[in-house]
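There are 2 protein chains.
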Amino acid sequence: MARIVECIPNFSEGRNKVVIEKIVDAVRNAEGIKLLDYSSDSDHNRTVVTFFGTPERVEQVILDMAAKVYENIDMTLQQGAHPRMGALDVVPFVPISEVTMDECVALAKRVGNEIASKFDVPVYLYEKAASAPHRENLAVVRKGQYEGFFEKIKEDKWAPDYGKAEVNVKGGCVAIGARVPLVAFNVNLGTDNIEIADKIAKTVRNLGGGLRFVKAMGVKLEDRNVAQVSMNLVNYEKTAVYRAFEMVKMEAKRYGVPVIGSEVIGLVPMEALIQCAEYYLQIENFSMDQILEKRIWE
Amino acid sequence: MARIVECIPNFSEGRNKVVIEKIVDAVRNAEGIKLLDYSSDSDHNRTVVTFFGTPERVEQVILDMAAKVYENIDMTLQQGAHPRMGALDVVPFVPISEVTMDECVALAKRVGNEIASKFDVPVYLYEKAASAPHRENLAVVRKGQYEGFFEKIKEDKWAPDYGKAEVNVKGGCVAIGARVPLVAFNVNLGTDNIEIADKIAKTVRNLGGGLRFVKAMGVKLEDRNVAQVSMNLVNYEKTAVYRAFEMVKMEAKRYGVPVIGSEVIGLVPMEALIQCAEYYLQIENFSMDQILEKRIWE
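In the order they appear, the protein sequences are chains Z and X.
Heads up: the first sequence at position 250 corresponds to 250 in the UniProt record's numbering, and the numbers run straight through without jumps.
Heads up: the second sequence at position 27 corresponds to 27 in the UniProt record's numbering, and the numbers run straight through without jumps.
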């Protein structure tokens, strides 16, 4: 198996197809890079791109993509429902195979440094790459958004990690970080009462005294008339999927509400589900090296 | 992902290291082939080799290995605890990636034809490659063993699929087939009573009216003083691991015996465990294409 990093850049254009395609082209046609997916949302006015490659190739390609972003997006004209701090808004690096988190942190720092010097855009490091604990959480870093950064950037506490303390008017600022893969996991309840889903979400998530690496909220699936606990598991190695699932089940009991199903949204690392099989089957001494495909592919 | 077939040849020498290494060398040094494992048992006087490669490479390498086997093993001198019908005893081909079962059946037939004509050894096709239903089960094909085949081979019902109806005195006969990957899965009981394990095994397995693709027996783990239901799941796609596990649990209840753990022996296809996560987490509409690693590797 090769050394592989996943990169999921978010940029602030979700409407103009010509611009979107121009930017994505920087990834699509890159040698040694696999473009997995990109999706644009016009309400959010934002596009999320997912691609893979070796750390070296990913480093080059994200810089090529950044060049296209700064050429084509003008933040003075941009508006949308999704919070954003710049034209290139967020760039997380995720270690996938034969790459450590430390290497992804180093990659985030190199790319941050290069973006600041090449494009004159202030860079904030976040999550595992953060330079201080108050900068770990992306939502906190991005608070105030593009418009607010003209003031925020002057605070000592919010001096950028790279670049001078002055917003690039056209390009804004950018958050660059390293993190473990997210698992988007939703549990469907046998009720249409979204208040119950919301109450359960609040007890299960870290903010409410629940599981350390769970973010959760209640949502309503209108087409099925079903209330759902929608979760982001931000560190499945430490807070396993089965634990979040069992805890939702447990909390649902107090309302006499059964769990009727669940869903995994998008991609999920193999190990996040294998851990669940291990738990429920009570497998002793299992090693991921026993996975046939892993042995073939490594 | 490349086209990959797994081949797990068993040969009838588990004591003489020089001979074993000579035979395994035919695989170890082969280009485009990955030798995953080989293990010899001196009581059984038998060695099991596991290797992977494209169908084309596997075909060549198993023939090279067969040549070494027939050069170095003399069945007139061989004895051991494990049933065997020849020097090269069993050769199963297992489709792993981008190869169909039909292609593995075709591969088994080509190799069978070549072994019969090159080495003058009678060949029986078994499992998915079998030429008649009564030849599917390896244990039934091999019944009577090397010594018994001098008579058995003369019966119309047991005429070989390739080669003439005459045992090769030095090399014996050989069974060649195609099958899905086996999952070796054992469930540990909260008792040292092997009779209970045995009774459970008999109800869970196909032979006893249990699950279609489960073979099972009771065994005792002497070092832990624990009785175990030891299973071979011969088609995990149709009889899932969780189903076998839950059925053992259910049957154990009648004896008031808890399940205290389980073990997966050797390699297991990713999907066999992912299925279990799907079941216990009640995941709706899951697709194996959501597995991150699968997307990277394919």
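Think of the CB as a built atom: it goes at the ideal place given N, C-alpha and C, for glycine as much as any other residue.
Straight-line measurement puts the Cα of Pro181(X) at about 9 Å from the Cα of Leu267(X). Around Asn10(X), no beta-carbon contact reaches into chain Z at under 9 Å, the shortest distance being about 19 Å.
By the 16-neighbour rule on beta-carbons within 10 angstroms, Pro133(X) is exposed.
Within the same chain, Val204 come within 6 Å of Met247(Z) by CB-CB distance, once the 5 residues on both sides are set aside.
For Val105(Z), the uninterrupted alpha helix (DSSP H) run begins and ends at 101-119, by DSSP. In the pairwise beta carbon analysis, the stretch 46-62 of chain X is classified as touching the stretch 87-97 of chain X: at least three pairs are separated by under 8 Å. A direct Cα-Cα distance of roughly 6 Å separates Ser40(X) from Val48(X). Chain Z places no beta carbon closer than 8 Å to that of Pro83(X), leaving this residue out of the contacts. When 8 Å is used as the limit between beta carbons, Val248(X) is near no residue of chain Z, the shortest such separation being about 11 Å.
Close partners of Ile291(Z) in chain X (Cβ separation under 7 Å): Val268, Met270. For a Cβ distance threshold of 7 Å, residue set Ser262, Glu263, Val264 of chain X lies close to Ile283(Z), ordered along the chain. Burial check for Pro122(Z): the Cβ neighbour count within 10 Å reaches 16 or more, so the residue is buried. Taking C-beta atoms as the reference points, Ser97(Z) and Arg212(Z) fail to come closer than 8 Å. Beta-bridge annotation (DSSP): Asp37(Z) is paired with Thr50(Z). At least one C-beta of chain X is nearer than 8 Å to the C-beta of Ile4(Z).
Taking 8 Å as the threshold, the shortest C-beta distance from Tyr242(Z) to chain X falls below it.
Annotated three-state conformation of Glu222(X) is coil, per DSSP. Distance from the CA atom of Ala277(X) to the CA atom of Cys276(Z), rounded to whole angstroms, is 5 Å. Met85(Z) sits away from Gly171(Z), with the two beta carbons spaced by 8 Å or more. In this structure, DSSP gives Phe213(Z) a state outside helix and strand, which the three-state scheme calls coil. Taken through DSSP and simplified to helix, strand or coil, Gln228(Z) comes out as strand. Ranked by Cα distance from Ala165(X), the options Gly218(X), Ile283(X), Ile153(X) are led by Ile153(X). By the beta-carbon neighbour count (other beta carbons within 10 angstroms, threshold 16), Phe149(X) is buried. Along the stretch 94-113 of chain X, going in chain order, the ones with a CB nearer than 9 Å to a CB of chain Z are Ile96, Ser97. For Val229(Z), there are no neighbours in chain X by C-beta distance under 8 Å, as the nearest C-beta there is about 13 Å away.
DSSP places Pro258(X) in the coil class of the three-state scheme, outside both helix and strand. Excluding sequence positions up to five before and after Gly261(Z), its CB lies within less than 6 Å of the CB of Asn188, all in the same chain and listed in chain order. Excluding the 5 residues flanking it on each side, Gly177(X) has same chain C-beta neighbours closer than 8 Å at Val90, Val91, Pro92, Phe93, Ala108, Leu125, Tyr126, Glu127, Lys128, Ala129, Ala130, Leu138, in chain order. Looking at Asn168(X), Asn235(X), Ala252(X), Arg110(X), the one whose alpha-carbon comes closest to that of Pro55(X) is Arg110(X). In the DSSP assignment, Ile283(X) falls outside any beta strand (DSSP E), carrying neither H nor E. Among the residues facing chain Z, Phe52(X) is included, as its CB has a counterpart in that chain under 8 Å away. Annotation: the continuous beta strand (DSSP E) that includes Ala178(X) extends over 174-178. A buried status is given to Asn10(Z), since no fewer than 16 other beta-carbon atoms sit within 10 Å of its beta-carbon.
With a minimum length of 3 residues, the unbroken runs of beta strand (DSSP E) contained wholly in the stretch 141-188 of chain X fall at 174-178. Using a Cβ distance threshold of 8 Å, Lys249(X) and Val259(X) count as a contacting pair. Between Lys34(Z) and Phe51(Z), the C-beta gap is smaller than 8 Å, which places the two residues in contact.
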